[in-house]
């Protein structure tokens, strides 16, 4: 259980803003004519561009939820996968802290906006640490360098473009949704009634959030003028948005609903944001502000401003987003970039939302998953495994403690953990070790098996070879499409086949037989099983970095041999450990094993807290946060293993929801 917290990092101070008062410095290739979608090919890259993956920056109007955790873990897995393939990779996440929604939420709490943002942003930063996220950047839109980047981008939009393609001022009226921070066209708005009060309201049909009629003087970005450029870009990059149905949604919106974009709000209505550097009566639209975060950390405004220079890690290789913010990332953002001759991201991965036991999460239903408690209850890597295993891009995903418990028991404790102890950490008297098996392979002893391969009575000893040979390629193919669930299923199949292989070859019987070829077959069976474990652990590193690091450590796999290139049979001849009693100390205590016992999945998070509160005594705190503090103190006094036993022996009570 990860208990420490990162201290908040201070925003990096950017270079002073230089007023771009004339378009003279803009190069011809930055004009919005010609093939906008391919202009960045002239960018002077001196080496292979690092892989750059981003999450959305999350609104700080509320605490993190399980969807935030899923999206961030997914980005982390994508980054780590690139790294074990030998590529330099970077991950950016952070918080979105401007806009009317934040302004109103802060006022409701009786706080000034910056203090409110500081408090809630730290919760998201802490979650990245708790979940073992290897982010390179944590950006806040209140950071000085980001605000400078927004101002520079804004001035480019205002001065570097031909009159009809740049910003213009006008009066805008329409249906505005504070929750979504955007306007909706008339054909996407309809009347509704608040069930609790019977109040008649207008809502948008996309998110079903309330909209209000607004009329105000603002700056506009002529989005409709970029319709052809956007459609051409989509034609040239048909797989730009995954899955395909989301790409079609984007095309449909551009073809049928495109309107010029109001990109400021009067400061009289919105004062919490980045001001127009030349017109303090206007606040830059929160989505324009927010989207620029992706290039802020790539060096825009401090190292480059046009596509004629080395843009470092830009363009991003992948934006990972939720389905509710697809339009902003797949229409507004590329249009803004194409206008300035800058390359859009190379791809967008759009995921669905999480439900609780197939019911929409809602505070009123009391079924919102607290990701911090979920990480503490299930441990970091098992929860990461569940999220990556059950995540998909075709439908909403269901979070359920009983499903997590079932997966934990079958796939982690049995399929990985138990196999690991049977093969790599057997009982001292078992008669085999992975070191002996690897030594036998290195000596060439297995060449003698050529004489019996193909004989029916020995067929089971070679039955693992097909799946052992194909797994890495299969996993790599799934990961090319960012299908973590498919990749995990391939690894699961390898380990399940290995468990079957052990049952069929019976090394515990072979160890008692001294006549040929039993000793040779014993080393062969252990070696092939160890190879499967080693390969599986390498491939699962991005999903479960802590657990797989421990497994590979205990198998004696060297750090530099934990790449996908080594995740092939025979690719590592220098691992293995001896089988001695000290190496098996964790077998004596099940709570020290790789995947120790967990609380029953039948018990809800709320009931787990109630059980702990009961055992902590009458003086236990009532608030969940204080209960968690007492839980940590209890673990410090008794040890996590003792607390786990305590939870195991508690009798579950009838409870909603699980």
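Numbering (UniProt numbering), first residue to last: 1 to 658.
Virtual Cβ for every residue (Gly too), placed ideally from N, Cα, C.
Residue environment, residue i, which counts as buried when at least 16 other CB atoms sit within 10 Å
i: residue 279; result: exposed
i: residue 465; result: exposed
i: residue 238; result: exposed
i: residue 193; result: exposed
i: residue 410; result: exposed
i: residue 344; result: buried
i: residue 201; result: exposed
i: residue 24; result: Reliability fails at residue 24, whose pLDDT of 31 lies under 50, so the model's placement of it is uncertain and the value that follows must be treated cautiously. By the 10 Å Cβ count, residue 24 comes out exposed.
i: residue 567; result: buried
i: residue 33; result: Its pLDDT being 35, under 50, residue 33 is placed unreliably in this model, and the value from its coordinates should be taken loosely. Label assigned to residue 33: exposed.
i: residue 228; result: exposed
i: residue 294; result: buried
i: residue 607; result: buried
i: residue 257; result: exposed
i: residue 592; result: exposed
i: residue 441; result: buried
i: residue 454; result: exposed
i: residue 205; result: exposed
i: residue 269; result: exposed
i: residue 576; result: buried
i: residue 531; result: buried
Sheet register partners of residue i (DSSP bridge)
i: residue 318; result: 53
i: residue 77; result: According to DSSP, residue 77 bridges with nothing at all.
i: residue 191; result: 202
i: residue 265; result: 283
i: residue 173; result: 215
i: residue 89; result: 51
i: residue 94; result: 57 and 139
i: residue 353; result: DSSP lists no partner for residue 353.
i: residue 242; result: 349
i: residue 276; result: 279
i: residue 676; result: This structure cannot speak to residue 676, because the chain is shown only from 1 to 658.
i: residue 300; result: 304
Residue i versus the options, residue with shortest Cα-Cα distance
i: residue 98; options: 236, 314, 113 and 89; result: 113
i: residue 328; options: 57, 441, 49 and 117; result: 57
i: residue 542; options: 125, 117, 388 and 378; result: 388
i: residue 48; options: 212, 311, 529 and 409; result: 311
i: residue 560; options: 84, 514 and 102; result: 84
i: residue 184; options: 125, 208 and 551; result: 208
i: residue 50; options: 143, 92, 433 and 553; result: 92
i: residue 273; options: 436, 140 and 315; result: 140
i: residue 167; options: 224, 495, 210 and 254; result: 224
i: residue 355; options: 392, 376, 378 and 379; result: 392
i: residue 101; options: 525, 88 and 182; result: 182
i: residue 263; options: 220, 234 and 232; result: 220
i: residue 423; options: 529, 126 and 382; result: 529
i: residue 292; options: 55, 577 and 597; result: 55
i: residue 78; options: 484, 452 and 322; result: 484
i: residue 377; options: 446, 603 and 443; result: 603
i: residue 579; options: 435, 240 and 203; result: 435
i: residue 429; options: 347, 281, 397 and 512; result: 512
Host alpha helix (DSSP H) of residue i (start-end)
i: residue 288; result: 286-291
i: residue 463; result: First-last for residue 463: undefined, no H or E at that position.
i: residue 124; result: 113-130
i: residue 421; result: 419-423
i: residue 233; result: 227-236
i: residue 689; result: Missing from the structure shown is residue 689; the chain here goes from 1 to 658 and no further.
i: residue 546; result: 545-554
i: residue 507; result: 507-510
i: residue 389; result: 380-390
i: residue 438; result: 434-442
i: residue 565; result: Note, residue 565: premise wrong, no alpha helix (DSSP H); not H, not E.
Delimiting residues of the beta strand (DSSP E) encompassing residue i
i: residue 216; result: 210-221
i: residue 109; result: Unbroken run through residue 109: none, as it is neither H nor E.
i: residue 306; result: No beta strand (DSSP E) contains residue 306, which DSSP labels as neither H nor E.
i: residue 338; result: Premise fails: residue 338 lies in the alpha helix (DSSP H), 333-339, not in any beta strand (DSSP E).
i: residue 397; result: 397-399
i: residue 184; result: 182-184
query: Below 8 Å, can you find three or more Cβ-Cβ pairs linking the stretch 367-377 to the stretch 326-341?
result: no
message: Pairs of beta-carbons, one from the stretch 297-313 and one from the stretch 136-153, closer than 8 Å: are there three or more?
response: yes
Cβ pair count under 8 Å reaching 3, the stretch 501-510 against the stretch 395-414: no
message: With a threshold of 8 Å, are at least 3 pairs of Cβ atoms found where one atom belongs to the stretch 211-225 and the other to the stretch 171-180?
response: yes
- prompt: Looking at C-beta atoms only, is the number of pairs between the stretch 312-325 and the stretch 155-165 that lie closer than 8 Å three or more?
  reply: no
- prompt: Counting Cβ pairs closer than 8 Å, one from the stretch 127-142 and one from the stretch 63-72, do we hit at least three?
  reply: yes
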